[in-house]
Structure formats: C-alpha cells, structure tokens
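Asker: The structure follows.
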Amino acid sequence: MRVRICATAAEAVADVADGATVLIGGFGMAGMPVQLIDALIEQGAGDLTVVSNNAGNGDAGLAALLAKGRVRKVICSFPRQQDSWVFDGLYRAGKVELELVPQGNLAERMRAAGAGIGAFFCPTGVGTPLAEGKETREIDGRTYVLEYPIRGDVALVGAHRADRMGNVVYRKTARNFGPVMATAATTTIVQVAEVVETGELDPEAIVTPSIYVDRIVTG
Amino acid sequence: MSRDQALSKDEMAALVAKDIAPGSFVNLGIGQPTLVADFLPEGSGVVLHTENGMLNMGPAATEGEVDPDLINAGKIPVTELPGASYFHHADSFAMMRGGHLDVCVLGAFQVSATGDLANWHTGAPGAIPAVGGAMDLAIGAKSVFVMMGLFAKDGTPKLVLDCTYPLTGVGCVDRVYTDVATFDITSDGVVVTDTFGISYDELTDRLEVPLVRG
Chain A
33 MRVRICATAA
43 EAVADVADGA
53 TVLIGGFGMA
63 GMPVQLIDAL
73 IEQGAGDLTV
83 VSNNAGNGDA
93 GLAALLAKGR
103 VRKVICSFPR
113 QQDSWVFDGL
123 YRAGKVELEL
133 VPQGNLAERM
143 RAAGAGIGAF
153 FCPTGVGTPL
163 AEGKETREID
173 GRTYVLEYPI
183 RGDVALVGAH
193 RADRMGNVVY
203 RKTARNFGPV
213 MATAATTTIV
223 QVAEVVETGE
233 LDPEAIVTPS
243 IYVDRIVTG
Chain B
4 MSRDQALSKD
14 EMAALVAKDI
24 APGSFVNLGI
34 GQPTLVADFL
44 PEGSGVVLHT
54 ENGMLNMGPA
64 ATEGEVDPDL
74 INAGKIPVTE
84 LPGASYFHHA
94 DSFAMMRGGH
104 LDVCVLGAFQ
114 VSATGDLANW
124 HTGAPGAIPA
134 VGGAMDLAIG
144 AKSVFVMMGL
154 FAKDGTPKLV
164 LDCTYPLTGV
174 GCVDRVYTDV
184 ATFDITSDGV
194 VVTDTFGISY
204 DELTDRLEVP
214 LVRG
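If you're matching them up, the sequences are chains A and B in order. Position in the first sequence (first residue = 1) + 32 = our numbering. Position in the second sequence (first residue = 1) + 3 = our numbering.
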C-alpha cells in the first residue's frame, strides 16, 4: 500500500488501539519520535506494551506517556537512567510490568519479526538470570538460548528525511533502532525533519525502503 | 614492570591501551573503560565501535561540536573521525555476536576464577535492573578485558571463586586489569601477570582464588 503523508502527527496516530504493542525508536533522545509520542498521548490509547531501548527520560515523550498511566508493560534493555524517575516510580509501585532484554536481543528479536523468522538460537545471556526458563540448545559445542520475535502493531520511528514514496534516511547515531522497528510492525509511522520529492534521495543511500513505511509526518 | 605503588585509573587505562594491537576494532564500555581511548597511541589505527551504531567514533564533542544526533553508548555527545560509518542496532550487535569485534573493555562488580563476569545488576532489593549491551558485549568480542579495582570499598576481593552477583556472561573474561595486579584467565587457572604495590604472597593471602605466578 502506498505511503500516506500525514498533515499532522495526530492524524498519523489516530487509529492506535488500546492494548497495542508500540515500538518506539530512539536511543536516549537521538532518534526519539517526540511529536508522534506527544500525539499518542493526546490520542489517548492505553493498556499499551511499549518496546524501546530506554524507559523514558525526564518528564517528556515516553516518560509522559508512562506518567499518564497508558503503559501496561515496557520491554526494554536499559530502564534505569539518571533521569528515569517516572519509570522508576511506577516500577517500584508495581504499576508497570518490565521485560528486560539485552540490547542486542531486543534489536535481533525485532529484526526476526520483520524478516519472518520464527525464533532463533542466540548466545547472549546464556547462564544469566535473563535466560532463566528459556529453552537452550548446544550447537557445535556452544550453548544458545531460544529467543522469539517481537512484533509491533505500530512502530513510531524518528528519522531525518523521507521522499514522497516513503523511502527514509537517518542521521548519524539517531538511526539506532529505526530501520529494524520499521520492518517489525504492522503499521510503521515515521517522523522526519523534511519530506523531499521522489527521486531526490540517492537510491544507493536509502536505509529504510518505502515497502516498510506506511505513514510519514514532518516533525 | 612490578612496582611498589598501586595504579591510578589513568595508569590502568594506559596499561590496557598498550595491550590493544594496532588496527583493532574495539568497544570501550561505559565508565572507566572510556579512559582507554585517551591512551591509544596516535596512528594506532584502532577503530572504536559504539554499540548504538557507529565505527570510528572520535573523542567527546567540545562545546561548539555538540550534535544531538551523534552520541556514544553512554549518551555523551561525541565526534566522528574520517572513515566513520553508521549502522542500525541489529547490525551493530551482529558485529559483536558474530565475532567481528577484536576487543571489548568492560567494568565489573565481580569476575570469577573461570572468567564469569558480573557487571550489570547488584540484585539488591529495590534496584531497577538495566542490562543494555553488557551481555552481548561479554560473549561477543574476541577478547574481553575487565578494568576494576581488585578490592571493594569494604576490602572484599572482586576476583572471586564464584560470582555472588547475577551473571552477565559465563567464562567470557580473558584478562583482568586492576589497580594492584593484572591477571590472565586461562584454562590452567588465574595467572598473575603483574603486581603494583602488593606482593605476590600478599595477593595469595587476600584472594581465595588459587593463583599461578606468571
């Protein structure tokens, strides 16, 4: 289906349902789709499962979504930061569930979802509390843990530029989870600084091809 | 180079830097390991990897250079060197897991005699667990170096028979750099390769781990 260029972030997230799994890009604030998160807060969907590397910084963005009580579960690698007081408070009060996933597994589980892989054996976490209860297998003398894909209903991705076809490029380390999340969700919504005419992006340099992108909004 | 004084953090970092072969691809963990970058000799050709998606990372950005889109794994603004490249998280961690990274340098709460590493979680009640890329790094790089003080503030050793903190990785540490000694974790045991301000006998007294004199 052709990409829709949305006039506003509100339009882009209008149909996010209660109970949805939402993949939110960004590492710290780099690549964080702040306008899309703000629009999701306005939109009001709740009971969400949020998949993101961190669990919010300060009081804005993902932290604000958490503070509104819209998130049932966070799947992330690094919730504890100097300015993660919103998550910290909710977690200690038992008001949000946490699934802690090693950072590489978080990325690879979404990559697997986007690539149609049913599950994969991974060496990360073997013998640690994060592999407890998971199936393991020895392959060529090394032990691996079975890891399952993480699929999103919606991905919210922050990127640099898109063309009107929906091809997307990123900027520096703000790329982080964006390209992987874009492949792993039913509906991928990308916030960019600028939409350019089709043909203006170098086809050799496209990072997320248009097939993965459903909606674009300028932030 | 045994000497009669413990090493400072900078001296430890310099020691680690000396052991990194020219041209290596290296990931320096958050905190103390970051100091190693300052002691890599000019022209070493060492390429720094940051797991949030970059190779050939440069030094921390100075005031006029700060770009919010260019940060390291500790979320500190950094710079890029000529020949830098950017990639997404799945590629970045494939570089580790796939055995392409030559060395990673990590901090630790504890290292065991068989090279188990504990560096992500104290397990204390009320502590919020956060792992980041520690487990991927621990099992991924070809060589895993640990930098830590040998003794905790209360004097208990951090090189132990078995880790009491939750593990990051099993049998993954190759070499341990501490303020008072360096150790190689080998299949023949823990080999003391150098001492600083402590005698070999005092070391064997204070550690439960059986040691081999290097």
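Don't be surprised by glycine CBs; every beta carbon is placed ideally from N, CA and C.
Using a cut-off of 8 Å between C-beta atoms, extract the partners of methionine 57 of chain B located in chain A.
Answerer: The sequence position of residue 57 of chain B within the second sequence is 54, counting from 1. What methionine 57 of chain B touches in chain A: Lys204, Thr205.
Asker: Isoleucine 33 of chain B to asparagine 75 of chain B, Cα distance in whole Å?
Answerer: In the second sequence, the residue the question calls residue 33 of chain B occupies position 30. In the second sequence, the residue the question calls residue 75 of chain B occupies position 72. The straight-line gap from Cα to Cα measures roughly 9 Å.
Asker: For arginine 100 of chain B, name the three-state secondary structure that DSSP assigns.
Answerer: Counting from 1 along the second sequence, the entry for residue 100 of chain B is found at position 97. Arginine 100 of chain B falls in the helix class under three-state DSSP.
Asker: What are the residues that DSSP puts in a beta bridge with arginine 36 of chain A?
Answerer: Stepping through the first sequence from its first residue, residue 36 of chain A is reached at position 4. Looking at the DSSP assignment, arginine 36 of chain A forms a beta bridge with A:Arg247.
Asker: For glutamine 21 of chain A, which residues of its own chain have a beta-carbon under 6 Å away from its beta-carbon, when the five flanking residues on both sides are left out?
Answerer: No answer is possible for residue 21 of chain A: it lies beyond the span of chain A, which begins at 33 and ends at 251.
Asker: For a minimum of 4 consecutive residues, which ranges assigned as the alpha helix (DSSP H) are wholly contained in the region 121 to 197 of chain B?
Answerer: Entirely contained in the region 121 to 197 of chain B, the alpha helix (DSSP H) runs reaching 4 residues are, in chain order, 137 to 143.
Asker: Starting from proline 211 of chain A, trace the alpha helix (DSSP H) in both directions and tell me its first and last residue.
Answerer: Numbered from 1 along the first sequence, position 179 holds the residue referred to as residue 211 of chain A. That run of the alpha helix (DSSP H) goes 210 to 216.
Asker: Compile a chain-ordered list of the residues in the region 38 to 71 of chain B whose CB is closer than 8 Å to at least one CB of chain E.
Answerer: Of the chains in the structure shown, none is chain E; the protein chains are A and B.
Asker: I'd like the list of long-range same chain contacts for arginine 207 of chain A, defined as Cβ closer than 7 Å, with 5 residues on each side in sequence excluded.
Answerer: Within the first sequence, residue 207 of chain A is the residue found at index 175, counting from 1. Short of 7 Å from the beta carbon of arginine 207 of chain A, and not among the five residues preceding or following it, lie these beta carbons of its own chain, in chain order: Gly63, Val239.
Asker: Cβ of lysine 161 of chain B within 7 Å of Cβ of methionine 150 of chain B?
Answerer: Taking the first residue of the second sequence as position 1, residue 161 of chain B is located at position 158. Taking the first residue of the second sequence as position 1, residue 150 of chain B is located at position 147. No.
Asker: From B:Gly61, B:Val39, B:Gly217, pick the residue whose C-alpha is nearest to that of lysine 204 of chain A; which is it?
Answerer: Position 172 of the first sequence, counted from the first residue, corresponds to residue 204 of chain A. Checking every option, the nearest Cα to that of lysine 204 of chain A belongs to B:Gly61.
Asker: Distance check for threonine 196 of chain B and asparagine 1 of chain B, CA to CA, integer angstroms please.
Answerer: No answer is possible for residue 1 of chain B: it lies beyond the span of chain B, which begins at 4 and ends at 217.
Asker: Rounded to the nearest angstrom, what separates glutamate 74 of chain A and lysine 105 of chain A at their Cα positions?
Answerer: Locating residue 74 of chain A in the first sequence gives position 42, where the first residue counts as 1. Locating residue 105 of chain A in the first sequence gives position 73, where the first residue counts as 1. Rounded to the nearest angstrom, the two C-alpha atoms are 19 Å apart.
Asker: Taking any Cβ of chain B, which residues in the region 112 to 135 of chain A have a Cβ under 7 Å from it, in chain order?
Answerer: Arg112, Asp120, Tyr123, Arg124, Leu132, Pro134, Gln135
Asker: Quick check: alanine 95 of chain A and cysteine 108 of chain A, are their CB atoms within less than 7 Å of each other?
Answerer: For the purposes of this step, residue 95 of chain A is taken as the residue at position 63 of the first sequence. For the purposes of this step, residue 108 of chain A is taken as the residue at position 76 of the first sequence. The answer is no: Cβ separation not under 7 Å.
Asker: Using only the alpha-carbon positions, how far apart do proline 132 of chain B and glycine 77 of chain B sit?
Answerer: For the purposes of this step, residue 132 of chain B is taken as the residue at position 129 of the second sequence. For the purposes of this step, residue 77 of chain B is taken as the residue at position 74 of the second sequence. Roughly 17 Å between the two C-alpha positions.
Asker: Could you list which residues in chain A have their beta carbon closer than 7 Å to that of methionine 99 of chain B, in chain order?
Answerer: Counted from its first residue, the second sequence places residue 99 of chain B at position 96. Here the neighbours are Gly136.
Asker: Pick helix, strand or coil for glutamate 66 of chain B, following the three-state DSSP scheme.
Answerer: Position 63 of the second sequence, counted from the first residue, corresponds to residue 66 of chain B. Reduced to three states, the DSSP call for glutamate 66 of chain B is helix.
Asker: Quick one: is histidine 92 of chain B buried, meaning 16 or more other Cβ sit within 10 Å of its Cβ, or exposed?
Answerer: In the second sequence, residue 92 of chain B corresponds to position 89, counting from 1. Flag for histidine 92 of chain B reads buried.
Asker: Going by Cα to Cα distance, which pick from A:Pro155, A:Leu178, A:Val54, A:Asp172 is closest to lysine 166 of chain A?
Answerer: Within the first sequence, residue 166 of chain A is the residue found at index 134, counting from 1. Comparing Cα positions, the closest option is A:Leu178.
Asker: Quick one: complete beta strand (DSSP E) runs, 3+ long, within the region 167 to 229 of chain A?
Answerer: If we require 3 residues or more, the beta strand (DSSP E) runs fully inside the region 167 to 229 of chain A come out as 168 to 171, 174 to 179, 184 to 190, 193 to 195, 217 to 224, 226 to 228.
Asker: Quick check on serine 242 of chain A: does DSSP put it in helix, strand or coil?
Answerer: The sequence position of residue 242 of chain A within the first sequence is 210, counting from 1. Serine 242 of chain A: helix per DSSP, three-state reduction.
Asker: Under 7 Å between C-beta atoms, does proline 36 of chain B make it to chain A?
Answerer: Counted from its first residue, the second sequence places residue 36 of chain B at position 33. Judged by the 7 Å Cβ criterion, proline 36 of chain B is not in contact with chain A.
Asker: Would you mind giving the Cβ-Cβ distance between glycine 118 of chain B and aspartate 177 of chain B, rounded to the nearest angstrom? I have them listed as a contact below 8 Å.
Answerer: Taking the first residue of the second sequence as 1, we reach residue 118 of chain B at position 115. Taking the first residue of the second sequence as 1, we reach residue 177 of chain B at position 174. Under the criterion of beta carbons closer than 8 Å, glycine 118 of chain B and aspartate 177 of chain B qualify as touching, at roughly 7 Å.
Asker: Relative to chain B, which residues along the region 156 to 169 of chain A have a C-beta separation below 7 Å, given in chain order?
Answerer: Only those residues of the region 156 to 169 of chain A whose C-beta falls short of 7 Å from the nearest C-beta of chain B are listed: Thr156, Gly157, Val158, Gly159, Thr160, Pro161, Leu162.
Asker: If you reduce the DSSP assignment to three classes, tell me which class proline 36 of chain B lands in.
Answerer: Within the second sequence, residue 36 of chain B is the residue found at index 33, counting from 1. Looking at proline 36 of chain B - three-state DSSP - the assignment turns out to be helix.
Asker: Closest Cβ-Cβ distance between phenylalanine 110 of chain A and chain B: below 7 Å?
Answerer: Indexing the first sequence from 1 puts residue 110 of chain A at position 78. By this cut-off, phenylalanine 110 of chain A is an interface position.
Asker: Using only the alpha-carbon positions, how far apart do alanine 144 of chain B and alanine 39 of chain A sit?
Answerer: Along the second sequence, read from residue 1 onward, the residue named residue 144 of chain B stands at position 141. Along the first sequence, read from residue 1 onward, the residue named residue 39 of chain A stands at position 7. Straight-line Cα distance between these residues: approximately 46 Å.
Asker: I'd like to know whether the C-beta of isoleucine 74 of chain B is nearer than 7 Å to at least one C-beta of chain A.
Answerer: By one-based count along the second sequence, residue 74 of chain B stands at place 71. Interface residue, yes.
Asker: Against chain A, does histidine 103 of chain B count as a neighbour if the rule is that its beta carbon must be under 7 Å from one of theirs?
Answerer: By 1-based counting over the second sequence, the position of residue 103 of chain B is 100. Output row for histidine 103 of chain B: interface = no.
Asker: Any C-beta of chain B within less than 8 Å: which residues of the region 56 to 75 of chain A qualify?
Answerer: Here the close residues are Phe59, Gly60, Met61, Ala62, Gly63.
Asker: Asparagine 208 of chain A versus chain B: which residues are under 7 Å apart at the beta carbon?
Answerer: On the first sequence, position 176 is the one that residue 208 of chain A refers to. Within chain B, the residues near asparagine 208 of chain A are Asn55, Gly56, His91, His92.
Asker: With a threshold of 7 Å between beta-carbons, can arginine 143 of chain A be considered close to chain B, or not?
Answerer: What you label residue 143 of chain A is simply residue 111 of the first sequence in a count that begins at 1. Interface with chain B (7 Å Cβ-Cβ cutoff): arginine 143 of chain A is included.
Asker: Whole angstroms are fine: how far does the CA of arginine 247 of chain A sit from the CA of alanine 194 of chain A?
Answerer: Locating residue 194 of chain A in the first sequence gives position 162, counting from the first residue. Locating residue 247 of chain A in the first sequence gives position 215, counting from the first residue. About 10 Å.
Asker: Taking glycine 101 of chain A as the reference, give the member of A:Leu80, A:Tyr176, A:Trp117 with the closest Cα.
Answerer: Translated into the one-based positions of the first sequence, residue 101 of chain A becomes position 69. Answer by Cα proximity: A:Leu80.
Asker: Reducing DSSP to helix, strand and coil, say where isoleucine 107 of chain A ends up.
Answerer: Sequence index remark: in the first sequence, residue 107 of chain A carries index 75 (1-based). Isoleucine 107 of chain A falls in the strand class under three-state DSSP.
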